[in-house]
Amino acid sequence: MPLDTSSRGTPLVELRDISIAFGGIKAVDHVSVNLYPGEVVGLLGHNGAGKSTLIKCLSGAYQKDAGEILVNGDKATINNPRDARTYHIETIYQTLALADNLDAASNLFLGRELTTPVGFVDDAAMEAETRKIMGRLNPNFRKFADPVSALSGGQRQSVAIARAVYFNAKILIMDEPTAALGPQETQMVAELIDELKRQGLGIFLIDHDVHQVKALCDRASVMKNGQLVGTVRVDDVSEDDILAMIILGKTPEELGVASAAAG
Amino acid sequence: MTDTVSQSQRVEKRKLLDTLEVDTRLLGMIGAFIVVCIVFNVLTDGRFLTARNIFNLTIQTVSVAIMATGMVFVIVTRHIDLSVGSLLATCSAMMAMTQTWFTPDILGLGLNHPLTAPIAILVGIATGVAIGAFHGWLVGYLGIPAFIVTLGGLLVWRNVAWYLTNGQTIGPLDANFRLWGGINGTLGAQWSWIVAIAAVAFALYTLWQSRRSKISHDFPVKPMWAEVLLGAIVAIAILGFVWILNSYQIPGPRLERMFEARGEVMPEGFTAGYGLPLSVLLLILIAIVMTLVARRTRLGRYIFATGGNPDAAELSGINTRLLTVKVFAIMGALCAISAVVASARLTNHSNDIGTLDELRVIAAAVIGGTALAGGIGTIYGAILGALIMQSLQSGMAMVGVDAPLQNIVVGSVLVIAVLVDIIYRKRTGAK
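Set out below in structure tokens:
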């Protein structure tokens with residue numbers, strides 16, 4: 001009832017009835033979410049609610065026990081991160097997943113190096129490409145020769161974002177992209193999300209900050225104890241409603257019914 | 264006042280090093296090596312830095328240095344290989360049996376057939392790769408820690424070698440095979456110069472090529488004088504090294520025997536230098552190939568990425584399990600090549616060949632700046648580490664230091680070298 005998605009055609013990606021358990025604990029329990037082109041869907045919930053685990057099934061880091069993943073309406077097989085990349089699914093992990101001992105260009109192209117005709121890695125070409133994309137994302141970025149361990153939190157973040165954006169992602173997963181950033185850099189990420197949205201990407205955004213989710217997302221899916229509490233259009237609900245979903249695990253309608261019954 | 268002067272001098276020096284873009288760590292190691300050489304040269308009244316001793320030092324270093332280049336990859340990926348000495352023994356046993364029993368008797372090629380050495384070496388490398396890959400599979404796919412797998416391997420392969428040969432020493436080895444051992448196979452002065460000039464040309468071409476590629480991408484380049492200076496240093500180092508090896512003369516009686524063997528008479532006053540040993544040439548080629556793998560190939564990139572952050576490598580789609588197999592297989596191949604050099608140098612396979620080599624190899628890699636925490640290490644560092652270790656060992660032997668004291672010193676140097684490295688990295692802020 002609350003979400004009329006039928007008129008919008010095929011979702012870019014659809015996670016259907018996903019379950020995954022670790023040693024008897026159901027980390028994700030029959031959860032379904034979807035994402036349309038040019039849309040940002042927020043994933044919310046307490047620590048351990050299963051957001052990151054759900055999303056790792058999509059990015060190929062974990063293998064789901066049950067359920068199916070559809071990309072553009074077709075069933076997709078994602079067994080590892082390489083598979084996810086072939087579906088143009090890119091992920092910015094909370095930990096950033098950077099090799100600290102390598103420079104920005106090596107990290108950006110890790111696993112997808114540009115090579116010379118002889119088959120050697122083409123460092124000069126990769127650095128040139130890195131300079132180009134960084135010029136767009138973070139014009140202040142200068143440290144191309146240093147290992148990324150020498151970079152600030154914001155600079156590291158921009159390397160991770162550049163890596164996700166550079167390879168023509170269609171589906172972008174961002175796991176708390178602003179957790180380690182200052183206000184200015186957070187603003188930068190927000191602007192980037194808006195721009196990517198306009199380009200027609202679909203973005204899953206995992207975040208703790210309800211205010212930010214209200215500002216950046218079109219819809220929000222809330223999880224609790226591995227189960228989906230519900231999905232709401234953020235403009236239809238208040239921040240308090242979302243908080244109630246996170247904390248009590250109840251949708252505004254359920255709460256409305258409950259309070260009506262009590263009254 | 265004096266303070267500010269020394270300060271500005273230091274800044275000047277820093278600037279010079281920055282302009283040349285040389286690795287200060289490498290300079291430090293070369294400095295340490297030079298100090299070791301000079302100290303021993305003084306203590307031995309000039310016997311340490313003779314052409315003869317430098318020649319011996321280089322051929323003694325080769326076997327450990329070859330394995331150390333592979334150990335860099337193993338340690339960079341956060342593993343360890345304690346089995347290299349035993350693996351060397353098994354490869355050596357397989358090769359010795361191939362050339363003294365399989366090719367002469369089974370294939371009927373007889374003794375010293377030209378095909379014997381290549382067949383034996385292929386068998387050795389196949390053995391090394393197979394065992395190394397097996398270790399890698401146990402580590403990467405079954406998740407057994409490399410320390411345990413190779414600790415087991417240390418016992419297993421040492422005794423497989425023993426079992427295969429019934430504990431007997433096998434020799435003499437094939438004449439062509441023995442050429443790889445060092446003094447029995449040198450290029451002679453003329454060919455050594457040719458190799459040296461080719462090497463200088465190659466080094467200068469590489470420098471020029473890298474400058475051109477930087478310019479084509481509009482990256483900053485060193486000033487021309489810095490490039491020329493660097494090129495000159497490299498050229499002088501290569502030519503000087505070959506000049507030293509060439510000036511070690513083959514002793515007269517030995518020359519006479521060589522002429523007799525060919526049915527000729529040695530002309531009066533004839534002299535000849537040894538020149539570059541084949542084994543050293545082999546080490547140099549391996550160093551170049553391994554450096555190319557480390558810096559210029561995806562495999563090398565993935566090895567360092569995995570060492571820096573295994574999770575990130577995995578999430579970037581790198582098959583880290585298969586990578587582990589490859590790294591240990593490379594280590595196995597290098598153990599086999601080391602086995603060629605080591606057994607050829609001894610002219611036979613003996614039961615205790617390569618004993619304690621695992622410790623020398625790990626020490627060489629670590630002294631050469633390979634971090635046990637993974638992600639950091641260089642091929643040239645490991646070779647220099649092996650050279651420093653060997654210099655210490657043979658220098659002390661020449662001075663007449665007692666055997667137990669020698670080992671005490673070498674052990675202490677290992678620990679101190681790592682401490683210095685830790686302090687250096689903290690000071691420079693590198694990780």
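Chains A and B, in that order, give the protein sequences. Take the first sequence: its letters are residues 1 to 263, numbered as in this note's numbering. Take the second sequence: its letters are residues 264 to 694, numbered as in this note's numbering. Every residue, glycine too, gets a C-beta built ideally from N, C-alpha and C. Just so you know, these numbers come straight off a predicted model, no measurement behind them.
- [ ] Below 8 Å on the Cβ atoms is my guess for Ala550 of chain B versus Thr332 of chain B; work out the distance and round it to an integer in Å.
- [x] With 8 Å as the limit, Ala550 of chain B and Thr332 of chain B qualify as a contact, their Cβ atoms being about 6 Å apart.
Open item on the list: Among the candidates A:Leu201, A:Ile133, A:Leu114, A:Ser149, whose CA atom is the shortest distance from the CA of Asp100 of chain A?
Closed with: Comparing Cα positions, the closest option is A:Ser149.
Open item on the list: Along the segment 667 to 689 of chain B, where does the CB come closer than 7 Å to a CB of chain A? Name the residues.
Closed with: Listed by position, the residues of the segment 667 to 689 of chain B near chain A (Cβ gap below 7 Å) amount to none.
Open item on the list: For Gly395 of chain B, count the other beta carbons within 10 Å of its own beta carbon; 16 or more makes it buried, fewer makes it exposed. Which is it?
Closed with: Result: buried.
Task: Three-state class that DSSP yields for Leu12 of chain A in the structure shown - done: Note: Leu12 of chain A maps to coil in three-state DSSP.
Task: Backbone secondary structure at Asp266 of chain B - three-state DSSP - done: In this predicted model, Asp266 of chain B has a pLDDT of only 48, less than 50, meaning its place in the structure is not dependable; the value taken from the coordinates is given anyway. Helix, per DSSP.
Open item on the list: Can you pull out the residues from the segment 99 to 115 of chain A whose beta carbon lies closer than 9 Å to at least one beta carbon of chain B?
Closed with: If the cut-off is 9 Å between Cβ atoms, the segment 99 to 115 of chain A has Ala99, Asp100, Asn101, Leu102, Ser106, Asn107, Phe109, Leu110, Gly111, Arg112, Glu113, Thr115 near chain B.
Task: Buried versus exposed call for Ile457 of chain B [16 or more other C-beta atoms within 10 Å across all chains shown] - done: So Ile457 of chain B ends up on the exposed side.
Task: For Glu68 of chain A, the residue or residues it bridges with in DSSP - done: DSSP, once it has assigned bridges, lists A:Arg16 as partnering Glu68 of chain A.
Task: Chain-order list of residues whose beta-carbon lies under 7 Å from that of Leu243 of chain A (same chain, five-residue window excluded) - done: Val210.
Task: Within chain B, partners of Asn80 of chain A - CB distance below 9 Å - done: Under the 9 Å cutoff, chain B gives Glu577, Gly580, Asn582.
Open item on the list: Between Met264 of chain B and chain A, is the shortest Cβ-Cβ distance under 8 Å, so that the two count as touching?
Closed with: Note that Met264 of chain B scores a pLDDT of 41, beneath 50, so its modelled location is shaky; the value from the coordinates is reported in the next line. Taking 8 Å as the threshold, the shortest C-beta distance from Met264 of chain B to chain A does not fall below it.
- [ ] Run the CB neighbour count on Gly373 of chain B, radius 10 Å, all protein chains shown included, and call it buried at 16 or more, exposed below.
- [x] For Gly373 of chain B, the number of other beta carbons within 10 angstroms of its own is below 16, and it is reported as exposed.
TODO: Take every Cβ of the segment 171 to 178 of chain A, pair it with every Cβ of the segment 127 to 144 of chain A, and state whether three or more of those distances are shorter than 8 Å.
DONE: No, the segment 171 to 178 of chain A is not in contact with the segment 127 to 144 of chain A.
Open item on the list: If distances are taken between C-alpha atoms only, which option among A:Thr91, A:Lys26, A:Gly9 comes closest to Ala66 of chain A?
Closed with: Closest option to Ala66 of chain A, Cα to Cα, is A:Lys26.
- [ ] With DSSP as the reference, label Gly638 of chain B as helix, strand or coil.
- [x] Residue state for Gly638 of chain B is assigned as coil, using DSSP reduced to three classes.
TODO: Excluding the 5 residues preceding and the 5 following Ala424 of chain B in the sequence, name in chain order all residues of the same chain whose CB lies nearer than 6 Å to its CB.
DONE: Only Ala352, Thr353, Ala356 meet the Cβ criterion.
Open item on the list: Is the separation between the beta-carbon of Leu114 of chain A and that of Asn107 of chain A shorter than 8 Å?
Closed with: It is not a contact, given that the beta carbons lie outside the stated cut-off.
Open item on the list: Rounding to the nearest angstrom, what Cα-Cα distance links Met134 of chain A and Ala104 of chain A in this structure?
Closed with: Here the alpha carbons of Ala104 of chain A and Met134 of chain A stand approximately 10 Å from one another.
Open item on the list: Taking the straight line between their C-alpha atoms, what separation do you get for Asp29 of chain A and Arg219 of chain A?
Closed with: Between the alpha carbons of Asp29 of chain A and Arg219 of chain A lies a distance of about 21 Å.
Task: N-terminal and C-terminal residue of the alpha helix (DSSP H) that His46 of chain A is part of - done: Annotation for His46 of chain A: no alpha helix (DSSP H) segment contains it, and DSSP assigns it neither H nor E.
Open item on the list: Please confirm whether Arg85 of chain A has its beta-carbon closer than 8 Å to some beta-carbon of chain B.
Closed with: When Cβ-Cβ separations below 8 Å define contact, Arg85 of chain A makes contact with chain B.
TODO: Tell me where the beta strand (DSSP E) around Ile92 of chain A begins and ends.
DONE: Residues 89 to 92.
Task: Same chain, Cβ closer than 6 Å to Gly494 of chain B, five either side skipped, listed in chain order - done: Non-local beta-carbon contacts of Gly494 of chain B in its own chain, meaning distances under 6 Å to residues more than five positions away in sequence, involve Leu467, Leu470 in chain order.
Task: CB contact below 8 Å: Phe120 of chain A versus chain B - done: So, interface residue.
TODO: Return the residue from the list B:Ile496, B:Ile478, B:Arg623 that minimises the CA-CA distance to Gly648 of chain B.
DONE: Among B:Ile496, B:Ile478, B:Arg623, the Cα nearest to that of Gly648 of chain B is on B:Arg623.
Open item on the list: I need the boundaries of the beta strand (DSSP E) containing Gln227 of chain A, first residue and last residue.
Closed with: Here the beta strand (DSSP E) through Gln227 of chain A covers 227 to 233.
- [ ] Alpha carbon to alpha carbon, how far is Ala61 of chain A from Asp74 of chain A? Give it in angstroms, no decimals.
- [x] Going by the C-alpha atoms only, they are around 21 Å apart.
Task: Nearest-angstrom Cα separation, counted from Leu677 of chain B out to Thr265 of chain B - done: Model confidence at Thr265 of chain B stands at a pLDDT of 46, short of 50, so the residue's coordinates are unreliable; what they give is reported in the following sentence. Going by the C-alpha atoms only, they are around 37 Å apart.
Task: Cβ neighbour criterion (16 or more within 10 Å) applied to Lys689 of chain B - done: Lys689 of chain B comes out exposed.
Open item on the list: Out of A:Gly50, A:Pro11, A:Leu35, A:Gly256, which one is the CA nearest neighbour of Leu228 of chain A?
Closed with: Of the listed residues, the one whose Cα sits closest to Leu228 of chain A is A:Gly50.
Task: Residue-chain proximity (Ala607 of chain B, chain A), Cβ-Cβ < 8 Å - done: Output row for Ala607 of chain B: interface = no.
- [ ] Closer than 7 Å by beta-carbon distance: list the chain B residues that pair up with Ala179 of chain A, in chain order.
- [x] Those do not exist, as Ala179 of chain A stays about 17 Å from chain B at its closest Cβ, beyond 7 Å.
Open item on the list: Considering just the uninterrupted stretch of the alpha helix (DSSP H) at Leu216 of chain A, what are its terminal residues?
Closed with: Boundaries of the alpha helix (DSSP H) harbouring Leu216 of chain A: 210 to 216, taken from the DSSP string.
Task: Reduced DSSP category for Pro2 of chain A - H, G, I as helix; E, B as strand; rest coil - done: Its pLDDT being 44, under 50, Pro2 of chain A is placed unreliably by the model, and the measurement read from it follows with that caveat. Here Pro2 of chain A sits in coil by DSSP.
- [ ] Would you mind giving the Cβ-Cβ distance between Arg310 of chain B and Met661 of chain B, rounded to the nearest angstrom? I have them listed as a contact below 8 Å.
- [x] That pair is a contact at about 6 Å.
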